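Remarks on the structure that follows.
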Amino acid sequence: MGRMAATVASTLCLLIGMAPVAMAKDGRDDDDDGRKGRPDRIEEQILGKVLRADYDGLSNDLLTAGLGATGLTGAAPAAANPVAPTPEELRRLAIYNNYRALVDVSPGGGYGTLYGPLVGAGGQAAARDGKIAGTEYLALLDGKHGGKHDGHSDDDDGNSRVTVALQVPETFDPANACMVTATSSGSRGVYGAIGTSGEWGLKKGCAVVYVDKGTGTGFFDLQNRKGYTVQGEFVDADRTVEPLNFDPKIPGRELERYNKDNPNRWAIKHAHSQENPEEDWGTDTLRAIQFGFYELNRHFADEKAAPRITPANTLVIASSVSNGGAAALRAAEEDKKGWIDGVAVSEPNVNPKRDRSFTIQQGSGQPIAEHGRPLYDYITFYTLYEGCAAATSANARAAKVCTDLKSRGLINSGGPVEAQAAEAQEKIRQHGILPEQNVLAAFYWSVNVYQSVAVAYANTYSRSSVTDNLCGFSYAFADATDKPAPLPAANAALAFSGSNGVPPTVGIQLIRNGVSATTVGGVAAPMADVDGAVCLRNLWTAGDNSRKGGDDRNPAKRLSKGVEDVLTTSALRGKPAVIVHGRSDALIAVNHSSRSYYGSALKKRQNIRYYEVTNAHHLDAFNALPGFNAAFIPLHVYFIEGLDRLYDHLKSGKQLPPSQVVHTVPRGTGAPPITTANVPPIAETVADKDRITFDGSVLRIPE
């Protein structure tokens, strides 16, 4: 679940997605997939045009948008006119921001020595400051209701469109083809994984397929009915001829009433599409692969010596991090047609089906039976209790949370605040959260990470409309008086490039409607919003009559069904899989995601490895901050190693190392430059004290 912002010698061509001559398993597939009327041929799912751009690796490129490894560490590239940026300016800034949001580029943190565009780059890329020449294809696919129309899908309802891209580096060899998926992390746009699996694939000479999985910068200005094209241009929805990434299509009178009562609000695609896009993250990743094969064969159509590129002669690795990692796992589970050869992911936000046939035990600690809780369960628990758990007598905001929880009977202690904090912390521990996660939890709560995730997922799982104002929350810019106001023009124009997909971002804040301090983490001192946290939690804890009975007008019932729809099977169809996860991840809890998924997969006799890394957390970019740099190492190092080891396994049959805990060494006081001594490799021969074991009833994780 990630979070964090010229001239071009490229030739931009507009290609209409025409049907090629008949070919087998090249991206066209005549078998009906039976998914809600969606046409199975990928070319019939394309809305509008496929955009092609050829990059020379000098003035512009696939990986760094012409910035090079050096430019990625510098100041953000500026648009000549910030209120009317060009598509290439938007792309460059999007790549800059998305790369830096997932990877620490600060001096001494590992960038340029352990990872980055120049590390492992060969040939011309090394001489070009890491720039990679090649061709990029960008397209918008329809959602769940497409049908034929002049070779393309009918324009769908605007809620569930998916942005895809294919990058073909100049080093791609059709005779030795490989492809890597780069599904966006968090709610990010199509370039959201460019610094993770995207970079790895490009440096290997693989084609890389990107997909925003139906989230992305699908923002919509309700007051002015403006949204974003596939290239990120901010346009009038009623005047543009280009299909929008997201158009909520709210009936006119309903929208008028909403705007009158709630002016200057924004609809956010991940939250408000009413489609629960997570349900299709795996399918969207498979569609990106299909798009990749389709465009690869068109790309090399004029080269008579080039073989037809198919899954049978192409090594395909599904990969990414966080939400993108979950999408890769889901894609492998759904891959009935054999598109994918293996999976390598990091910190996946995966929600395995409940499996109480085994427990999880770390060291000599108490075995945990209630593992595998869905994200919404533990995020809303964090949202409710972490403020009090972090409380001290000097922290008035957190102390107020304790007082409010006590008044509602949600904690028993009457004080002092330290005793109330200890009680709240114990509740969190009993919910399956590790002490190592608690180190960062207070920080996440204080900057509204938990609150923003909880609100977005409450809406998406319950398929709520923006006009529902679920639990009294909405999204808007907050002015100097902390009131909703129009978003500044430059913020709106550059949102495609600067946003992480879910507010707070690009100036759009999380709003509590009708209360005196309207924003949660806005311009003014933020409120301790226990009312909102209780409402969000109650959507999960509602009684059986509310969740399973009644009708679809009940948001708690819809939310329960929405969560059920995203649970994974842990059955990877025998494909080899590697998962790496940081033990200190305070966003995606290891007991409820990777550990639980791994155990369930072993019960199904899957070929899976799990590498848990100490002193690593969810957002490597934070390692650039004081304190973080001394205490944590970059998990990205192990994600790269996991990909390398899976690649070697698939190419040469080299055995994957056994599952293990990798004990790292923080940089320590003063944060001296990181070295390989801080991040030892995954061991091929594992000491007993580090080996993760499973006997069918207990998954044992070493300390």
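In mature numbering (1 follows the signal peptide of the UniProt record, and there is no 0), the protein residues as written are -24 to -1, 1 to 679.
For each residue, glycine too, the CB sits at the ideal point set by N, CA and C.
For clarity, every value in this text was computed on a predicted model and none was experimentally measured.
*Alpha carbon to alpha carbon, what distance is there between proline 634 and alanine 456?*
In the sequence shown, residue 456 corresponds to position 480, counting from 1. In the sequence shown, residue 634 corresponds to position 658, counting from 1. Roughly 55 Å separates the two Cα atoms.
*Straight-line Cα distance separating threonine 191 from aspartate 223*: Walking along the sequence shown from the start, residue 223 turns up at place 247. Walking along the sequence shown from the start, residue 191 turns up at place 215. Each residue's Cα considered, the two are about 13 Å apart.
*Of the residues Ala397, Gly194, Lys312, the one placed nearest threonine 481, counting alpha carbons only*: On the sequence shown, residue 481 is found 505 positions in, with the first residue counted as 1. Comparing Cα positions, the closest option is Gly194.
*asparagine 152: buried (16+ other C-beta within 10 angstroms of its C-beta) or exposed?*
Start at 1 with the first residue of the sequence shown, and residue 152 comes out as number 176. So asparagine 152 ends up on the exposed side.
*asked:* If you measure between the beta carbons of glycine 483 and proline 460, is that distance less than 9 Å?
replied: Taking the sequence shown and counting its residues from 1, the one referred to as residue 483 is at position 507. Taking the sequence shown and counting its residues from 1, the one referred to as residue 460 is at position 484. For glycine 483 and proline 460, no; Cβs fall outside 9 Å.
*So leucine 515 is in the beta strand (DSSP E); what residue range does that whole segment cover?*
The residue labelled residue 515 in the question sits at position 539 within the sequence shown. Element bounds for leucine 515: not the beta strand (DSSP E) but the alpha helix (DSSP H), 506 to 517.
_Neighbour-count burial assignment, serine 160, 16 or more Cβ in a 10 Å radius_ = Position 184 of the sequence shown holds residue 160. With 16 or more other Cβ atoms within 10 Å, it is buried.
_N-terminal and C-terminal residue of the beta strand (DSSP E) that serine 322 is part of_ = Here residue 322 refers to the residue found at position 346 of the sequence shown. Going by DSSP, serine 322 is part of the beta strand (DSSP E) stretching over 318 to 322.
*Ordered along the chain, which non-local residues of its own chain (more than five positions away) have a Cβ less than 6 Å from that of threonine 290?*
Translated into positions along the sequence shown, residue 290 becomes position 314. Ala153, Met155.
*Hey, leucine 178 and glutamine 143: beta-carbon distance below 9 Å or not?*
For the purposes of this step, residue 178 is taken as residue 202 along the sequence shown, with counting starting at 1. For the purposes of this step, residue 143 is taken as residue 167 along the sequence shown, with counting starting at 1. Their beta carbons are under 9 Å apart, which means leucine 178 touches glutamine 143 by this criterion.
*Is the Cβ-Cβ distance between residue 705 and asparagine 445 less than 9 Å?*
The requested residue 705 is not part of the displayed model; the chain covers only -24 to 679.
*asked:* Between Ala452, Val166, Ser136, Thr62, which has its C-alpha nearest asparagine 73's C-alpha?
replied: Looking up residue 73 in the sequence shown gives position 97. In this structure, Val166 is the residue among Ala452, Val166, Ser136, Thr62 with its C-alpha nearest to the C-alpha of asparagine 73.
*What is the C-beta distance between valine 556 and leucine 611, in whole angstroms, given that I count them as a contact (C-beta under 8 Å)?*
As a first step, residue 556 is located in the sequence shown; it is residue number 580 there, counting from the start. As a first step, residue 611 is located in the sequence shown; it is residue number 635 there, counting from the start. About 7 Å separates the two Cβ atoms, so the contact holds.
_Does the contact criterion of 3 or more C-beta pairs under 8 Å hold for the stretch 254 to 263 versus the stretch 287 to 306?_
yes
_lysine 25 - containing beta strand (DSSP E), residue span_ = Taking the sequence shown and counting its residues from 1, one reaches residue 25 at position 49. Residues 22 to 31.
*Report yes or no: is there a C-beta of chain C within less than 9 Å of the C-beta of alanine 243?*
Of the chains in the structure shown, none is chain C; there is only one protein chain.
*Tell me, to the nearest whole angstrom, how far the beta carbon of tyrosine 451 is from that of isoleucine 355; I am working on the premise that it is less than 8 Å.*
Taking the first residue of the sequence shown as 1, we reach residue 451 at position 475. Taking the first residue of the sequence shown as 1, we reach residue 355 at position 379. Contact doesn't hold; Cβ gap of about 18 Å is too wide.
*Terminal residues of the alpha helix (DSSP H) in which lysine 403 lies*: Here residue 403 corresponds to residue number 427 of the sequence shown, with the count starting at 1. Element bounds for lysine 403: 393 to 406.
*Can you name the start and end residues of the alpha helix (DSSP H) that glutamate 255 belongs to?*
Working through the sequence shown from its first residue, we reach residue 255 at position 279. No alpha helix (DSSP H) holds glutamate 255; DSSP gives it neither H nor E.
*Smallest Cα separation from phenylalanine 357: which of Gly92, Cys511, Val662?*
Translated into the one-based positions of the sequence shown, residue 357 becomes position 381. Selected option, being the one with the closest Cα: Cys511.
*The beta strand (DSSP E) with cysteine 378 in it runs from where to where?*
Locating residue 378 in the sequence shown gives position 402, where the first residue counts as 1. Counting along the chain, cysteine 378 falls outside any beta strand (DSSP E), though it belongs to the alpha helix (DSSP H) covering 372 to 383.
*asked:* I need the boundaries of the alpha helix (DSSP H) containing serine 428, first residue and last residue.
replied: Along the sequence shown, one-based indexing puts residue 428 at 452. Its alpha helix (DSSP H) spans residues 425 to 437.
*Give the DSSP bridge partners of proline 145, in chain order.*
Against the sequence shown, residue 145 aligns to sequence position 169. Paired residue(s): Gly110.
_Residues bridged to tyrosine 186 [DSSP beta-bridge criterion]_ = Taking the first residue of the sequence shown as position 1, residue 186 is located at position 210. Its beta-bridge partners are Ala141, Ala158.
*Are tryptophan 242 and phenylalanine 196 closer than 9 Å when you measure CB to CB?*
In the sequence shown, residue 242 corresponds to position 266, counting from 1. In the sequence shown, residue 196 corresponds to position 220, counting from 1. In contact: tryptophan 242 and phenylalanine 196 (Cβ atoms closer than 9 Å).
*Could you give the distance in angstroms between the alpha-carbon of leucine 675 and the alpha-carbon of isoleucine 336?*
Numbered from its first residue, the sequence shown carries residue 675 at position 699. Numbered from its first residue, the sequence shown carries residue 336 at position 360. Distance from the CA of leucine 675 to the CA of isoleucine 336, rounded to the nearest whole angstrom, comes to 5 Å.
_Would phenylalanine 615 and asparagine 591 be called neighbours here (beta carbons separated by less than 9 Å)?_
Reading the sequence shown from its first residue, position 639 is the one you call residue 615. Reading the sequence shown from its first residue, position 615 is the one you call residue 591. No, they are not a contact pair.
_DSSP-derived helix/strand/coil call for arginine 263_ = Residue 263 sits at position 287 when you count from the first residue of the sequence shown. Annotated three-state conformation of arginine 263 is helix, per DSSP.
*With which residues is tryptophan 242 paired in a DSSP beta bridge?*
Counting from 1 along the sequence shown, the entry for residue 242 is found at position 266. DSSP, once it has assigned bridges, lists Asp197 as partnering tryptophan 242.
*Taking Cβ positions, are leucine 34 and lysine 107 nearer each other than 9 Å?*
Numbered from 1 along the sequence shown, position 58 holds the residue referred to as residue 34. Numbered from 1 along the sequence shown, position 131 holds the residue referred to as residue 107. Closer than 9 Å, so yes.
*Looking at the unbroken beta strand (DSSP E) that takes in lysine 202, where does it start and where does it end?*
One-based indexing of the sequence shown puts residue 202 at position 226. Per DSSP, lysine 202 belongs to the beta strand (DSSP E) from 202 to 204.
*Could you spell out the range, first to last residue, of the beta strand (DSSP E) harbouring glycine 676?*
If you number the sequence shown from 1, residue 676 lands on position 700. Per the sequence shown, residue 676 should be read as arginine rather than glycine. Arginine 676 -> beta strand (DSSP E) spans 674 to 677.
*Shortest alpha-carbon distance to valine 613 belongs to which of Glu209, Gly88, Ala41?*
Counting from one through the sequence shown, the residue named residue 613 turns up at place 637. With distances taken between Cα atoms, valine 613 lies closest to Gly88.
*Got a sec, what are the start and stop residues for the beta strand (DSSP E) serine 296 sits in?*
The residue labelled residue 296 in the question sits at position 320 within the sequence shown. Segment 290 to 297, the beta strand (DSSP E) holding serine 296.
_The beta strand (DSSP E) that contains leucine 486, what's its start and end?_
Position 510 of the sequence shown, counting from 1, holds the residue named residue 486. It spans 484 to 488 - the beta strand (DSSP E) in which leucine 486 sits, taken as one unbroken run.
*State the start and end residues of the unbroken beta strand (DSSP E) segment that holds proline 335.*
Position 359 of the sequence shown, counted from the start, is the residue given in the question as residue 335. Per the sequence presented here, residue 335 reads as threonine, with proline not at that position. First-last of the beta strand (DSSP E) with threonine 335: 335 to 338.
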